[in-house]
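Visitor:
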Amino acid sequence: GIQVEQSPPDLILQEGANSTLRCNFSDSVNNLQWFHQNPWGQLINLFYIPSGTKQNGRLSATTVATERYSLLYISSSQTTDSGVYFCAVQDFGYSTLTFGKGTMLLVSP
Amino acid sequence: KAGVTQTPRYLIKTRGQQVTLSCSPISGHRSVSWYQQTPGQGLQFLFEYFSETQRNKGNFPGRFSGRQFSNSRSEMNVSTLELGDSALYLCASSLGHPPTEAFFGQGTRLTVV
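These protein sequences, in sequence, are chains A and B.
Read in order, the letters of the first sequence correspond to residues 1 to 109 in the working numbering.
Read in order, the letters of the second sequence correspond to residues 1001 to 1113 in the working numbering.
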């Protein structure tokens, strides 16, 4: 099956810093999503981005499908950005989302 | 518009018992998928339902089962609970099949003692 690797596994930032999270995947994908898991466990949708670039406030994402990677940018980080960020991909014709192991982000004041 | 609703939020069960979890998708969404999250295995796909039919199943034993009703609500059942079934169970709602953008509920945290 498709493999998803996220880096870095852990990231500690000071409030106000910028960061880039990376997601590499092993095959062509039909769907790629970024999620933020909050302390209560819910996966919050950040981006649905099988290709191209999207921006939402301080967050933006870019997927280069031909090179099999996606990047999530967080600018001017805030303590509320802390949590685990997951990248998930879906193979063509399949129902399942395959998740990476996540990046644990801690933003300190 | 209401999001994905999972009930109950927390459960404590004893080994050998069975449990039923419920998921109500976003209104108009007809695909419901279930995932298990554990510290050791991460997020793993359990199954997907669309139009009351199971469309895909992950690599889990037959003790894990599910169903979908005509209003798209879904339930999953775990029989003969084992300690290793302790996990966060997440339900995802999508518009159609195969599912595209997935929206997740808050999850049900199951503890087996």
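From the three backbone atoms N, C-alpha and C, an ideal C-beta is built for every residue, glycine too.
Every value quoted in this text rests on a predicted model; they were computed, and no experiment measured them.
Can you say whether Ile74/A is buried or exposed, counting buried as having 16 or more other CB atoms within 10 angstroms of its CB?
Guide: Classification for Ile74/A: buried.
Visitor: Counting only beta-carbon separations shorter than 8 Å, does Phe1069/B have a partner in chain A?
Guide: No, because no Cβ of chain A sits closer than 8 Å to the Cβ of Phe1069/B.
Visitor: Can you give me the C-alpha to C-alpha distance between Thr80/A and Ala1102/B, rounded to a whole angstrom?
Guide: Spanning the two alpha carbons is a distance of roughly 23 Å.
Visitor: Does Thr80/A come out as helix, strand or coil in the three-state DSSP assignment?
Guide: Helix.
Visitor: What does Ala1087/B pair with, by DSSP beta-bridge criteria?
Guide: The partner list for Ala1087/B (beta bridge, DSSP) reads Leu1110/B.
Visitor: If we count the other Cβ atoms within 10 Å of its Cβ and call it buried at 16 or more, is Ser108/A buried or exposed?
Guide: Exposed: under 16 other Cβ atoms inside 10 Å.
Visitor: State whether the stretch 1063-1073 of chain B contacts the stretch 8-19 of chain A, with contact taken as three or more CB pairs (one from each stretch) at a distance under 8 Å.
Guide: No, they do not touch.
Visitor: Against chain B, with Cβ distances strictly below 8 Å, would Thr96/A count as a contact?
Guide: For Thr96/A, the answer is yes, since a Cβ of chain B falls inside 8 Å of its Cβ.
Visitor: Taking just the CA atoms, how far does Ser1086/B sit from Thr62/A?
Guide: Those two C-alpha atoms are separated by around 35 Å.
Visitor: How many Å lie between Val4/A and Gln1041/B at the Cα?
Guide: So the alpha carbons of these two residues sit roughly 14 Å apart.
Visitor: Mark Glu1012/B as exposed unless 16 or more other C-beta atoms lie within 10 angstroms of its C-beta, in which case mark it buried.
Guide: Here residue 1012/B turns out to be Ile, not Glu, going by the sequence shown. Counting Cβ neighbours within 10 Å, Ile1012/B comes out exposed, since fewer than 16 surround it.
Visitor: In the DSSP output, what is Phe1040/B paired with across the bridge?
Guide: Residue identity check: residue 1040/B is Gly in the sequence provided, not Phe. Gly1040/B is not bridged to any residue.
Visitor: Can you confirm whether the stretch 1005-1021 of chain B touches the stretch 1103-1112 of chain B when touching is taken to mean that 3 or more C-beta pairs between the two stretches lie within less than 8 Å?
Guide: Contact between the stretch 1103-1112 of chain B and the stretch 1005-1021 of chain B is present, because at least three Cβ pairs lie under 8 Å.
Visitor: Does the CB of Lys101/A have a neighbour CB from chain B at under 8 Å?
Guide: Lys101/A counts as touching chain B.
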